[in-house]
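Counting from 1 along the sequence shown, just add 199 to a position and that's the residue number in this note's numbering.
Note that the Cβ used here is the ideal one computed from N, Cα and C, for glycine as well.
Since the model is a prediction, treat every value here as computed from it, not as a measurement.
For reference, the structure is listed below as structure tokens.
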Amino acid sequence: MYTLFIDEPLNVKMLAGPLGFEPRASSSAGAVYTPNVEISLNWADLRWGFRQYLDSQNYSTAYITDILRYLDKHFKIINHPQDIIGIFSQVKKGRRSLWLGFRVLFNYLAALGYDDLIISILRKSLPKANCFGVDLKVPEEPEIIRSLNGIKNATPKYLALYNLLTDSGLRLVEAIKVITEFNPDKVEHINGFCRVEVGAFRGNKQAFYGYFTEYTFELLCQVSDNTFRAATAAHRCRKHKAIAPKYLRKFAFDKMVELEVPESVADFIEGRVPKRIGAKHYMVLRRQADKFYGKYAEYLKTLRVKVPKNVPDN
Numbered sequence: 200m201y202t203l204f205i206d207e208p209l210n211v212k213m214l215a216g217p218l219g220f221e222p223r224a225s226s227s228a229g230a231v232y233t234p235n236v237e238i239s240l241n242w243a244d245l246r247w248g249f250r251q252y253l254d255s256q257n258y259s260t261a262y263i264t265d266i267l268r269y270l271d272k273h274f275k276i277i278n279h280p281q282d283i284i285g286i287f288s289q290v291k292k293g294r295r296s297l298w299l300g301f302r303v304l305f306n307y308l309a310a311l312g313y314d315d316l317i318i319s320i321l322r323k324s325l326p327k328a329n330c331f332g333v334d335l336k337v338p339e340e341p342e343i344i345r346s347l348n349g350i351k352n353a354t355p356k357y358l359a360l361y362n363l364l365t366d367s368g369l370r371l372v373e374a375i376k377v378i379t380e381f382n383p384d385k386v387e388h389i390n391g392f393c394r395v396e397v398g399a400f401r402g403n404k405q406a407f408y409g410y411f412t413e414y415t416f417e418l419l420c421q422v423s424d425n426t427f428r429a430a431t432a433a434h435r436c437r438k439h440k441a442i443a444p445k446y447l448r449k450f451a452f453d454k455m456v457e458l459e460v461p462e463s464v465a466d467f468i469e470g471r472v473p474k475r476i477g478a479k480h481y482m483v484l485r486r487q488a489d490k491f492y493g494k495y496a497e498y499l500k501t502l503r504v505k506v507p508k509n510v511p512d513n
């Protein structure tokens, strides 16, 4: 019998013990490994604190009422990811509201310090988002290459903005904030990439830092006109046949996870974390972001090599 023992975030050791994550052997001739995750989540115990969390994130009253209504109806006790699968197998109406409720609940558990591995397993037990009409488009690498090629013909500020969005996964308004307030002396250079404080907090949307490559840093240093309007920036992307900024954010997150950057760290890099996270948890996430972003930065180097040289925009 084996148990996953978590002594620090992302530091996983295999030790013998009585708790979950135990290997099972199938009854067939070939043995298979299936994690047996033992979790104890009681909605009656979590609801009060979760309601406070929703209020602190400045969600609309209608949104809070909607997701609480479906969690109240369907969530009692979860002892295993299979319990979540069972819940959704029985729900025919309000599945999207319930799905959103669980997603926000897992963010709340992360803010409380629940282990990232457990939360990741719980998230994977949810149905795919395309079941609820969520825009799941994630651009493929060739689309990013074509977009970076097309945007080469833009003015310096839009060229810098688009590359910053590709690097950081920030929202458009947050990337604009980085450029309009850009000061090279305030940029920290860490192991071949850059980090700058963003400090953008809008309701439940927060971005503590922006991470980007040295290549983009040089582009930012060349920007003289740093006045922007978000609508105009989006229009320039279309003009140069580049995919919309929101899809760069999805591409960056998907690629980071593919490169084995933990989801919680990728969320932190893209500014998808609660504003009021504890100081200890915040520092852990920043250290992990400093550690893991280099994987994505190295990938971006290989990606930009594939962008055609001196090819005009068609």
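Asked                                                                                                    : Found
Contact under 8 Å by Cβ, T412 with L499                                                                  : yes
Spatial distance of F301 from Y361 (CA atoms)                                                            : 33 Å
The beta strand (DSSP E) enclosing I389, as first and last residue numbers                               : 387-389
Stretch pair the stretch 417-432 + the stretch 308-318: three plus CB contacts closer than 8 Å           : no
The stretch 260-267 / the stretch 277-284 touching (three or more Cβ pairs under 8 Å)                    : no
Proximity test, A359 beta-carbon vs the ligand ATP heavy atom, cut-off 7 Å                               : With respect to the ligand ATP, the structure shown offers nothing to examine, as it has no ligands at all.
Distance, V483 Cα to R514 Cα                                                                             : Residue 514 lies beyond the stretch modelled for the chain, which goes from 200 to 513, so this question has no answer here.
Residue from C393, P444, N390 whose Cα sits closest to the Cα of K336                                    : P444
Length of the line joining the Cα atoms of D453 and N241                                                 : 31 Å
Inter-residue Cα distance where the pair is V377 and D244                                                : 41 Å
Continuous alpha helix (DSSP H) assignments of at least 4 residues falling wholly in the stretch 443-508 : 444-457, 462-468, 478-504
Nearest-angstrom Cα separation, counted from E380 out to V386                                            : 11 Å
Simplified DSSP state of G248, which is helix, strand or coil                                            : helix
Enclosing alpha helix (DSSP H) for T260 [first to last residue]                                          : 260-273
Y269 versus D282 - alpha carbon distance                                                                 : 16 Å
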